[in-house]
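From first to last, the protein sequence lines stand for chains A and B.
First residue of the first sequence: 57, per the working numbering; consecutive thereafter.
First residue of the second sequence: 57, per the working numbering; consecutive thereafter.
Here the structure comes first, spelled out in structure tokens, and everything after it is commentary.
Protein chains: 2
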Amino acid sequence: MSECVFCQIVAGTVPSQKVLDTERVLVFHDIRPQAPVHVLVIPKQHIASAHALQAEHATVLMDMHLAAQQAAEQLGIAQDGYRLVTNVGWHGQQTVPHLHYHLLGGRQLQWPPG
Amino acid sequence: MSECVFCQIVAGTVPSQKVLDTERVLVFHDIRPQAPVHVLVIPKQHIASAHALQAEHATVLMDMHLAAQQAAEQLGIAQDGYRLVTNVGWHGQQTVPHLHYHLLGGRQLQWPPG
């Protein structure tokens with residue numbers, strides 16, 4: 057069994073509050089939300105981070121962005137706007153070594169982004 | 057002539073401090089850097105935002121991420137890590153209506169991301 061918690065969420069052995077479940081992508085609520093809407097968009101396949109993406113991942117990367125759009129519509133933040141963030145490594149504060157995009161909205165986001 | 061400043065940067069009619077120039081993607085320094093390394097990764101074709109991405113953009117979206125990886129290596133932040141951010145609309149603080157990923161690194165990035 058995978059030791060990756062996001063792989064376990066994909067497998068259903070760790071619970072999550074799901075928003076969207078597509079062929080290649082899962083969207084679920086962040087357990088430590090930083091905004092009124094804060095969900096994670098992850099590929100079902102294990103990819104370590106944005107720095108590990110390769111050309112062969114073009115379809116799943118695109119699907120992640122389409123799922124983010126759909127989640128933004130579904131959660132009512134598409135019109136006012138939102139932010140997509142992915143962290144790589146220590147300086148980025150990446151906490152789970154499985155690629156994930158944070159989708160944040162429902163409030164005015166500030167600058168700089170952390 | 058396009059009124060979009062990023063299209064003008066692609067066309068070379070507005071100057072920029074370029075980091076990478078590939079077939080479909082340009083990477084250049086942000087004029088208001090928020091970190092020791094802060095560059096923008098943009099598609100050469102005009103796409104309004106991440107919310108305007110469509111399935112046909114899979115290749116250029118992938119190329120943007122590969123260019124971000126290459127820029128991170130080139131600018132010496134790949135090992136310590138970095139953050140990729142894209143803003144959509146008002147709440148995201150999107151300032152230029154041409155898709156762009158902010159690549160930030162060279163310092164500890166904070167949480168929340170804005």
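Backbone N, C-alpha and C define an ideal beta-carbon position, used for all residues, glycine too.
Check the Cβ-Cβ distances between residue i and every residue of chain A, and say whether any is below 8 Å.
i	result
Arg80 of chain B	no
Asp86 of chain B	no
Phe104 of chain B	Note that residue 104 of chain B is Ala in the sequence shown here, rather than Phe. By this cut-off, Ala104 of chain B is not an interface position.
Gln90 of chain B	yes
Pro169 of chain B	yes
Leu131 of chain B	no
Ala134 of chain B	yes
Gln164 of chain B	yes
Going by DSSP, what residues sit across from residue i in a beta bridge?
i	result
Val95 of chain B	B:His85 and B:Leu159
Leu131 of chain B	Answer is none; Leu131 of chain B lacks a bridge partner.
Thr69 of chain B	DSSP output for Thr69 of chain B lists no bridge partner at all.
Val141 of chain A	A:His158 and B:Val141
Lys74 of chain A	A:Phe84
Apply the 10 Å Cβ neighbour rule to residue i and answer buried if 16 or more other Cβ atoms are within range, or exposed otherwise.
i	result
Ala172 of chain B	With chain B covering 57 to 170 only, the question about residue 172 of chain B has no answer from this structure.
Ile87 of chain A	exposed
Ser58 of chain B	exposed
Val70 of chain A	exposed
Ala124 of chain B	buried
Asp119 of chain B	buried
Ala91 of chain B	buried
Gly132 of chain A	exposed
Ala151 of chain B	Note that residue 151 of chain B is Thr in the sequence shown here, rather than Ala. Looking at its Cβ environment, which holds fewer than 16 other Cβ atoms inside 10 Å, Thr151 of chain B is exposed.
Mind checking whether the beta-carbon of residue i lies closer than 7 Å to any heavy atom of the ligand COA?
i	result
Gln166 of chain B	Ligands in the displayed structure: none, and consequently the ligand COA is not present.
For chain B, find out if any of its Cβ atoms is closer than 8 Å to the Cβ of residue i; answer yes or no.
i	result
Ala127 of chain A	no
Leu16 of chain A	Any property of residue 16 of chain A remains undetermined from this structure, which presents chain A solely from 57 to 170.
Leu96 of chain A	no
Gln64 of chain A	no
Gly137 of chain A	yes
Give the straight-line distance between the Cα atoms of residue i and residue j, rounded to the nearest whole angstrom.
i	j	result
Gln110 of chain A	Gln110 of chain B	20 Å
His107 of chain A	Leu122 of chain A	20 Å
Lys74 of chain A	Leu155 of chain A	17 Å
Cys60 of chain B	His85 of chain B	17 Å
Gly68 of chain A	Lys100 of chain A	11 Å
Leu117 of chain B	Glu79 of chain A	19 Å
Pro153 of chain A	Ser105 of chain A	6 Å
Leu159 of chain A	His113 of chain A	20 Å
Thr115 of chain B	Gln126 of chain B	16 Å
Asp77 of chain B	Gly162 of chain A	35 Å
Cys63 of chain B	Leu82 of chain B	10 Å
Val95 of chain A	Val141 of chain A	11 Å
Gly137 of chain A	Val144 of chain B	5 Å
Ser72 of chain B	Ile65 of chain A	43 Å
Gln149 of chain B	His102 of chain A	31 Å
Val171 of chain A	Gly170 of chain B	Outside the shown range of chain A, which is 57 to 170, sits residue 171 of chain A, and nothing can be said about it.
Any beta carbon from chain D within less than 8 Å of residue i's own beta carbon?
i	result
His107 of chain B	Protein chains in the displayed structure are A and B, and chain D is not among them.
- Could you run through the region 140 to 160 of chain B and flag, in chain order, every residue whose CB is less than 8 Å away from some CB of chain A? Leu140, Val141, Thr142, Asn143, Val144, Gly145, Trp146, His147, Gly148, Gln149, Gln150, His158 and Leu160
- Can you give me, in chain order, the residues of the region 111 to 125 of chain A that have a beta carbon less than 8 Å from any beta carbon in chain B? Ala111, His113, Ala114, Thr115, Leu117, Met118, His121, Leu122, Ala124 and Gln125
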